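Colleague: One structure, pasted below without further comment.
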Ligand code: HSE
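Residue numbers (our numbering): 3 to 401.
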């Protein structure tokens with residue numbers, strides 16, 4: 003029997019307990035041994051809960067129990083999760099986590115500590131919820147040189163953008179409704195400003211490079227400035243708007259960015275709607291592959307945590323490979339990235355815009371009082387200079 007502890011009995015933690023209980027037979031068979039939850043750590047009491055007797059309030063009980071071999075860290079945040087995880091790994095206990103903040107901030111350090119102590123730090127649930135993406139990158143695609151990863155990695159913002167598109171509604175109205183229905187957090191900043199997607203693409207980019215991509219270095223722009231009018235233009239040119247998290251290597255230079263982008267119907271991410279997530283991975287032999295599913299939610303995320311528990315159970319005393327070196331990657335600045343841009347300008351600036359941007363594709367969207375177009379490919383630096391000269395209303399990157 004393998005004894006497991008769950009740290010944090012919130013949405014994901016209670017999901018982990020539920021998955022282990024409901025799929026007991028499958029999980030035990032695949033683990034090669036019975037998985038038993040011995041402790042659940044939480045500050046709160048849960049009177050009447052079927053697992054009430056497993057609740058403990060003192061982490062020392064878990065960390066000092068030599069029977070505990072695997073810990074599910076579903077607390078979230080850096081404190082005290084970082085300290086608890088580090089101590090668990092130092093004592094040879096494997097940790098399976100859904101905590102993207104902690105993985106993005108301390109991933110290589112925690113992986114190294116785990117490997118030095120013949121245990122594992124696994125984080126399948128930290129990106130894309132229930133979608134298998136970490137394991138494919140670590141195992142299935144090892145014959146590839148991966149040169150690009152593009153994903154819709156945040157369910158809340160994808161839900162908001164999908165609803166804005168369908169209903170022609172503005173951001174603030176959809177956000178309010180999403181909050182009322184419990185789809186968006188009361189404090190939605192991490193989602194709508196792109197910070198959550200930034201942590202997730204930092205993790206995927208690090209696995210792509212095999213080195214550390216610091217999330218602080220990734221240019222990040224959220225969806226708060228996207229309007230219903232932007233979708234009118236998007237429709238008029240056969241596109242939609244998605245919050246994309248991207249990472250690519252071109253001629254030895256690494257680029258990473260989180261930003262709303264206009265994508266066309268031919269892009270496989272076009273049909274990823276509502277709370278769904280998807281990740282497109284480009285390898286030099288395989289070409290494109292895509293991973294799609296529920297990127298958030300109790301049971302999908304818990305399922306990914308439990309898949310890591312099974313992996314750990316099958317590798318007690320052995321190290322599971324993960325190529326994420328602590329050496330930092332120098333990302334190329336956003337100014338040097340090249341692409342096309344969708345631009346809106348006041349109608350009176352039309353001739354100036356045509357003169358400054360020279361060759362453009364005009365979008366016939368019949369929006370009163372303004373003129374919308376798509377530029378040729380240019381660097382962000384060049385675009386910003388031209389945009390300032392013209393005096394634009396707004397711009398969205400084209401992918
Ligand atoms: N807030 C995140 C999302 C939860 O909306 O995708 C999953 O990480």
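Glycine included, C-beta positions come from ideal geometry on N, C-alpha and C. Here the structure is a predicted model, which means the values were calculated and not measured.
Rounded to whole angstroms, how far is the Cβ of residue 258 from the Cβ of residue 203, which I believe are closer than 8 angstroms?
Modeller: Yes, they are in contact, since the Cβ atoms of residue 258 and residue 203 sit about 6 angstroms apart, within 8 angstroms.
Colleague: Using 7 angstroms as the cut-off, classify the Cβ of residue 102 as near or not near the heavy atoms of the ligand HSE, replying yes or no.
Modeller: Residue 102: yes, Cβ under 7 angstroms from the ligand HSE.
Colleague: Can you tell me whether residue 255 is buried or exposed, with buried defined as 16 or more other CB within 10 angstroms of its CB?
Modeller: Looking at its Cβ environment, which holds fewer than 16 other Cβ atoms inside 10 Å, residue 255 is exposed.
Colleague: Given 7 angstroms as the limit, tell me if residue 156 has its C-beta closer than that to any heavy atom belonging to the ligand HSE.
Modeller: Under cutoff, so the answer is yes.
Colleague: Helix, strand or coil for residue 263, going by three-state DSSP, please let me know.
Modeller: Three-state DSSP puts residue 263 in a strand.
Colleague: Do residue 321 and residue 117 have their beta-carbon atoms positioned less than 8 angstroms apart in this structure?
Modeller: Taking 8 angstroms as the Cβ cut-off, residue 117 and residue 321 qualify as a contacting pair.
Colleague: Of all the alpha helix (DSSP H) runs that stay within the bounds of the segment 11–93, which reach a length of 4 or more residues?
Modeller: Correct list: 13–24, 26–33, 61–65, 83–92.
Colleague: Could you check whether the Cβ of residue 298 sits closer than 7 angstroms to any heavy atom belonging to the ligand HSE?
Modeller: Indeed, a heavy atom of the ligand HSE lies less than 7 angstroms from the Cβ.
Colleague: Reducing DSSP to helix, strand and coil, say where residue 320 ends up.
Modeller: Correct three-state label for residue 320: coil.
Colleague: Is it true that the CB of residue 69 sits closer than 8 angstroms to the CB of residue 26?
Modeller: No; because the gap between Cβ atoms is not below 8 angstroms, this pair is not in contact.
Colleague: Taking C-beta to C-beta, are residue 140 and residue 245 nearer than 8 angstroms?
Modeller: No.
Colleague: Would you say residue 193 touches the ligand HSE, meaning its beta carbon is less than 7 angstroms from a heavy atom?
Modeller: Because some heavy atom of the ligand HSE lies under 7 angstroms away, the Cβ of residue 193 counts as near it: yes.
Colleague: Going by alpha carbons, who is nearest to residue 228 out of 270, 278, 219, 171?
Modeller: Checking every option, the nearest Cα to that of residue 228 belongs to 171.
Colleague: Have a look at 119, 88, 126, 131 and flag the residue whose alpha-carbon is nearest the alpha-carbon of residue 112.
Modeller: The candidate whose alpha carbon is nearest that of residue 112 is 88.
Colleague: What are the residues that DSSP puts in a beta bridge with residue 282?
Modeller: Beta-bridge pairing links residue 282 to 152, 292.
Colleague: Touch check for the segment 144–154 and the segment 284–292: three-plus C-beta pairs under 8 angstroms?
Modeller: Touching, yes.
Colleague: Hey, would you say the C-beta of residue 198 is under 7 angstroms away from at least one heavy atom of the ligand HSE?
Modeller: Yes, the ligand HSE has a heavy atom inside 7 angstroms of this Cβ.
Colleague: Given a cut-off of 8 angstroms, decide if residue 261 and residue 399 are closer than it, judged by their beta-carbon atoms.
Modeller: Yes, the Cβ-Cβ distance between residue 399 and residue 261 is below 8 angstroms.
Colleague: For residue 182, which option in 162, 197, 195 has the closest C-alpha, if you only look at C-alpha atoms?
Modeller: Among 162, 197, 195, the Cα nearest to that of residue 182 belongs to 162.
Colleague: Between which two residues does the beta strand (DSSP E) holding residue 365 run?
Modeller: Unbroken beta strand (DSSP E) run through residue 365: 363–365.
Colleague: Using the DSSP secondary-structure output, state which residues sit across from residue 244 in a beta bridge.
Modeller: Paired residue(s): 263.
Colleague: Taking the beta strand (DSSP E) that residue 347 falls in, what are its first and last residues?
Modeller: Note, residue 347: beta strand (DSSP E), 340–348.
Colleague: Return the chain-ordered list of same chain residues with a C-beta closer than 7 angstroms to the C-beta of residue 231, the five sequence neighbours on each side being excluded.
Modeller: Excluding positions up to five away in sequence, the list reads 369.
Colleague: Tell me whether residue 109, by its Cβ, gets closer than 7 angstroms to a heavy atom of the ligand HSE.
Modeller: Not so, every heavy atom of the ligand HSE lies at least 7 angstroms from the Cβ.
Colleague: For residue 241 versus residue 265, is the C-beta distance shorter than 8 angstroms?
Modeller: Going by C-beta atoms, residue 241 is nearer than 8 angstroms to residue 265.
Colleague: Quick check on residue 248: buried or exposed, where buried means 16 or more other Cβ atoms within 10 Å of its Cβ?
Modeller: With 16 or more other Cβ atoms within 10 Å, it is buried.
Colleague: In chain order, what residues of the same chain have a beta carbon less than 6 angstroms from the beta carbon of residue 213, not counting five sequence neighbours either side?
Modeller: Counting only Cβ-Cβ distances below 6 angstroms, and skipping sequence neighbours, we find 327, 329, 331.
Colleague: Under 6 angstroms Cβ to Cβ from residue 274, same chain only, skipping five residues before and after it: list those, please.
Modeller: Result list for residue 274: 154, 280, in chain order.
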